[in-house]
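Visitor: A single structure is presented below for examination.
2 protein chains.
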Amino acid sequence: MNIFVVGLGLIGGSMALDIKAAYNNLVIYGIDNNEHHLNRALEIGFVDKKASFDDLERADIVILAIPVNAAVNVISRVLDVVNDNAVVFDVGSTKYLICEKVKDHPKRRNFLAAHPIAGTEFSGPDAAVENLFKGKTNIVCEVEKTAFKFQEKAMQLFSDMGMRIRYMDPKSHDKHIAYVSHLSHISSFMLGKTVIEKERNERDIFDMAGSGFESTVRLAKSSPEMWTPIFEQNKENVIETLEEYIENLTQFKELMKKDDFNSIHSEMENTNRIKEILKGITTNNK
Amino acid sequence: MNIFVVGLGLIGGSMALDIKAAYNNLVIYGIDNNEHHLNRALEIGFVDKKASFDDLERADIVILAIPVNAAVNVISRVLDVVNDNAVVFDVGSTKYLICEKVKDHPKRRNFLAAHPIAGTEFSGPDAAVENLFKGKTNIVCEVEKTAFKFQEKAMQLFSDMGMRIRYMDPKSHDKHIAYVSHLSHISSFMLGKTVIEKERNERDIFDMAGSGFESTVRLAKSSPEMWTPIFEQNKENVIETLEEYIENLTQFKELMKKDDFNSIHSEMENTNRIKEILKGITTNNK
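Protein chains in written order, with the UniProt record's numbering: chain H, 1 to 286; chain W, 1 to 286.
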């Protein structure tokens, strides 16, 4: 079996590692426009051979693991080149635009739109880790538009990686993921910015920061190359979540200004039920 | 040695556990107005005996580990009761008000104002864990106002728990801690609120949440009883940080509205240097 991984970063690399561990008798080809990443992937060993887009005609499975703007740019070209028995899936954090892009492609049925909810704040081939997807949710969009035999092929791979599948339409995916993922990244980036700006000349102050700050600001380490196009593609939904978030923060601030600390207490108490919700996440995703 | 722990929650309980592990020949007395917490502390075993405020006259060391409003309320009474050779320290997340409160007390020199930067999002006696303070920073304010022999006594205890000490005046403490701790809690609570509000009728959506959301929203599990008085006592500083945070979020939103994704990229890239800063925290505090 010939598996082509396009984009040898955290997600592509981690998938390649899991696939290598699960199967014999396969060759993993790597495609990346960053020559350094390609070489690192070969050194680390999750890729067997370098390849180019023209080689995709020999692919059985193509994993498109590049930033979402690049994915939308190249998906038609990838589908043009692959043979009729290949399945191509992406792993991007936005789904509407890529589904729109491929909807009239003659090989639409070879494509599966996926979003594995997994990752870390790190990026590049050295960020690849085994078992990243174990117990995680993989959201598959417009599954009915993928031929059954290709669904099966991709699902087998996802199942081998330990993922559970949830089906969703692309619009709903993009709307909800804005709340539970994209907004978290902005809140974290802007928290980091606010603190760095203020404490610019007092680096020692960060000695005062504990695990709480570390946890809330962790996502501010994420890759701008990956996240800028996500925010761009999901602009309307992200702006909506940001407006609601800003409104809630402003209201909290106004309560403080009015010395209404009873309401401040209630706000926090009501939000405490995130405990129960997170318990669900922890059980499912770890 | 008689050690009195007033407030048998996460911090008081964890300190009691470490002290019990480090010393023989001591009795730990517990004071808590929550009878259930007192009994749990005895069951868990980090407290040897129940006590009341009148018993404090027998104390060698008093640890005041109650919410900051309660601490300000009782500190004078505690200092009134203790004998001349006792040292009393608090562990609160605000330092200005308690220092103001005790400044003219005849036993001011028996008091040490401390803030160990350690904790989890959990609370109550069952949240107590061993080694919570190991490698953590403990901020001590107005150390010159504490008699040297009492400084020594307290520092020995902090040292046994593995903490390193930083000295700071109470006003600076409250200003900076607003950025690196208090703001994180509000950003997390309001993130939780925003998502819960939106997804009220779609509980399944939380299946889509991954470790990123979990990390940024973790602090929203924190105790309102502990945090409301912190925000109240540090009102001016917290409002200032909130205003700057809201301004940064609003600016980010405006950049998105204007489709200025180059600037969005720069914003994230500039904030990425939080990596280096966090590396410092991780090295120091873990």
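Ideal placement from N, C-alpha and C gives every residue a C-beta, glycine not left out.
Being a predicted model, the structure only gives us computed values, none of them experimental.
Taking ALA21(H) as part of the alpha helix (DSSP H), name the residues at either end of that continuous run.
Guide: Where ALA21(H) is concerned, the enclosing alpha helix (DSSP H) stretches over 10 to 22.
Visitor: Verify whether the separation of the beta carbon atoms of ALA128(H) and SER14(H) is less than 8 Å.
Guide: Yes, the Cβ-Cβ distance between ALA128(H) and SER14(H) is below 8 Å.
Visitor: Please report the straight-line C-alpha distance between ALA118(W) and GLY124(W), rounded to a whole angstrom.
Guide: Whole-angstrom Cα-Cα distance: 15 Å.
Visitor: Please report how far the alpha carbon of ASN69(W) lies from the alpha carbon of GLY192(H), in whole angstroms.
Guide: About 29 Å.
Visitor: With LEU64(W) as the anchor, note down where its beta strand (DSSP E) starts and where it stops.
Guide: Element bounds for LEU64(W): 61 to 64.
Visitor: Helix, strand or coil, according to DSSP, for ARG58(H) in the structure here?
Guide: Three-state result, ARG58(H): helix.
Visitor: Ordered along the chain, which non-local residues of its own chain (more than five positions away) have a Cβ less than 8 Å from that of LYS101(H)?
Guide: Hits under 8 Å: VAL72, ILE75 and SER76.
Visitor: Could you pull out every residue in the same chain whose Cβ sits closer than 6 Å to the Cβ of ILE61(H), ignoring the five residues on either side in sequence?
Guide: Excluding residues within five positions, the ones whose Cβ falls inside 6 Å are ILE3 and VAL87.
Visitor: Restricting to Cα atoms, I'd like to know which of LEU56(W), PRO229(W) and LYS50(W) is closest to HIS37(W).
Guide: Closest by alpha carbon: LYS50(W).
Visitor: Could you say which of ASN272(H), ASN25(H) and LEU219(H) lies nearest to SER181(H) if we only look at CA atoms?
Guide: When only C-alpha atoms are compared, the closest one is LEU219(H).
Visitor: Exposed or buried, what is GLU142(W) when buried is set at 16 or more other beta-carbons lying within 10 Å of its beta-carbon?
Guide: So GLU142(W) ends up on the buried side.
Visitor: Could you check the C-alpha separation between SER215(W) and MET256(W) for me, to the nearest Å?
Guide: Near 25 Å, if we compare the C-alpha coordinates of MET256(W) and SER215(W).
Visitor: Can you look up MET226(W) in the DSSP assignment and give me helix, strand or coil?
Guide: Three-state result, MET226(W): helix.
Visitor: If you measure beta-carbon to beta-carbon, which residues of the stretch 130 to 145 of chain W are closer than 8 Å to chain H?
Guide: Within the stretch 130 to 145 of chain W, the residues whose Cβ lies closer than 8 Å to some Cβ of chain H are LYS136, THR137 and ILE139, listed in chain order.
Visitor: Hey, does ALA16(W) have any beta-carbon neighbour from chain H nearer than 8 Å?
Guide: It does not; no Cβ of chain H falls within 8 Å.
Visitor: Check each residue of the stretch 153 to 166 of chain W: if its Cβ is closer than 7 Å to any Cβ of chain H, include it; give the result in chain order.
Guide: Cβ contacts with chain H come from ARG166.
Visitor: What three-state label does DSSP hand PHE46(W) in the structure shown?
Guide: Reduced to three states, the DSSP call for PHE46(W) is coil.
Visitor: The alpha helix (DSSP H) with GLY212(H) in it runs from where to where?
Guide: Per DSSP, GLY212(H) belongs to the alpha helix (DSSP H) from 211 to 217.
Visitor: Considering only DSSP beta bridges, list what ALA113(H) is partnered with.
Guide: ALA113(H) pairs with ASP90(H) and CYS141(H).
Visitor: Counting only Cβ-Cβ distances shorter than 9 Å, please list the residues of the stretch 221 to 238 of chain H near chain W, keeping chain order.
Guide: Listed by position along the chain: LYS221, SER222, SER223, PRO224, GLU225, TRP227, THR228, PRO229, PHE231, GLU232, LYS235 and VAL238.
Visitor: If you measure from the beta carbon of ALA65(H) to each beta carbon in chain W, is any gap under 8 Å?
Guide: Judged by the 8 Å Cβ criterion, ALA65(H) is not in contact with chain W.
Visitor: Short of 8 Å in beta carbon distance, which residues of its chain neighbour ALA178(W), apart from the five on each side in sequence? Order them along the chain.
Guide: The answer, listed in chain order, is ASN234, ASN237, VAL238, GLU240 and THR241.
Visitor: Could you tell me which residues DSSP pairs with VAL165(H) in its beta bridges?
Guide: The question names Val, but residue 165(H) is Ile in the sequence shown. In DSSP, ILE165(H) forms a bridge with ASN138(H).
Visitor: Grab the span of the beta strand (DSSP E) containing ILE31(H) for me, first residue to last.
Guide: 27 to 31 is the extent of the beta strand (DSSP E) around ILE31(H).
Visitor: What does a CB cutoff of less than 7 Å around THR146(H) pick up in its chain, not counting 5 residues either side in sequence?
Guide: ARG109, PHE111 and LEU112.
Visitor: If we define contact as Cβ-Cβ less than 8 Å, is ASP90(W) a contact residue for chain H?
Guide: Not closer than 8 Å to any Cβ of chain H, the Cβ of ASP90(W) fails to qualify, so no.
Visitor: Can you find at least 3 beta carbon pairs, one from the stretch 129 to 136 of chain H and one from the stretch 153 to 173 of chain H, that sit closer than 8 Å?
Guide: At 8 Å Cβ cutoff, the stretches touch.
Visitor: Which two residues bound the contiguous alpha helix (DSSP H) that contains ILE3(W)?
Guide: Not the alpha helix (DSSP H): ILE3(W) falls in the beta strand (DSSP E), residues 2 to 6.
Visitor: Leaving aside the five residues before and after MET155(H) along the sequence, list all residues of the same chain whose C-beta is less than 8 Å from its C-beta, in chain order.
Guide: Counting only Cβ-Cβ distances below 8 Å, and skipping sequence neighbours, we find ILE165.
Visitor: Classify THR241(H) as helix, strand or coil using the three-state DSSP reduction.
Guide: THR241(H): helix per DSSP, three-state reduction.
Visitor: Listing by chain order, which chain H residues have their CB less than 8 Å from the CB of VAL217(W)?
Guide: Correct list: SER184, ILE274 and LEU278.
Visitor: Check each residue of the stretch 247 to 275 of chain H: if its Cβ is closer than 9 Å to any Cβ of chain W, include it; give the result in chain order.
Guide: Answer in chain order: GLU247, ASN248, LEU249, THR250, GLN251, PHE252, LYS253, MET256, LYS257, ASP259, PHE261, ASN262, ILE264, HIS265, SER266, GLU267, MET268, GLU269, ASN270, THR271, ASN272, ARG273, ILE274 and LYS275.
Visitor: Are ASN272(H) and LYS107(W) touching if we call contact CB-CB under 8 Å?
Guide: No, the pair does not count as a contact, with Cβ atoms beyond the cut-off.
Visitor: Taking 8 Å as the CB-CB cut-off, is residue 308(W) touching chain H?
Guide: The structure shown does not extend to residue 308(W), since chain W spans only 1 to 286, so no value can be given for it.
Visitor: Would PHE148(H) be called buried (16 or more neighbouring beta carbons within 10 Å of its own) or exposed?
Guide: By the 10 Å Cβ count, PHE148(H) comes out exposed.
Visitor: Whose Cβ in chain W lies nearer than 8 Å to the Cβ of GLY9(H)?
Guide: Near GLY9(H) there are no residues of chain W at all, since even the closest Cβ is about 16 Å away, more than 8 Å.
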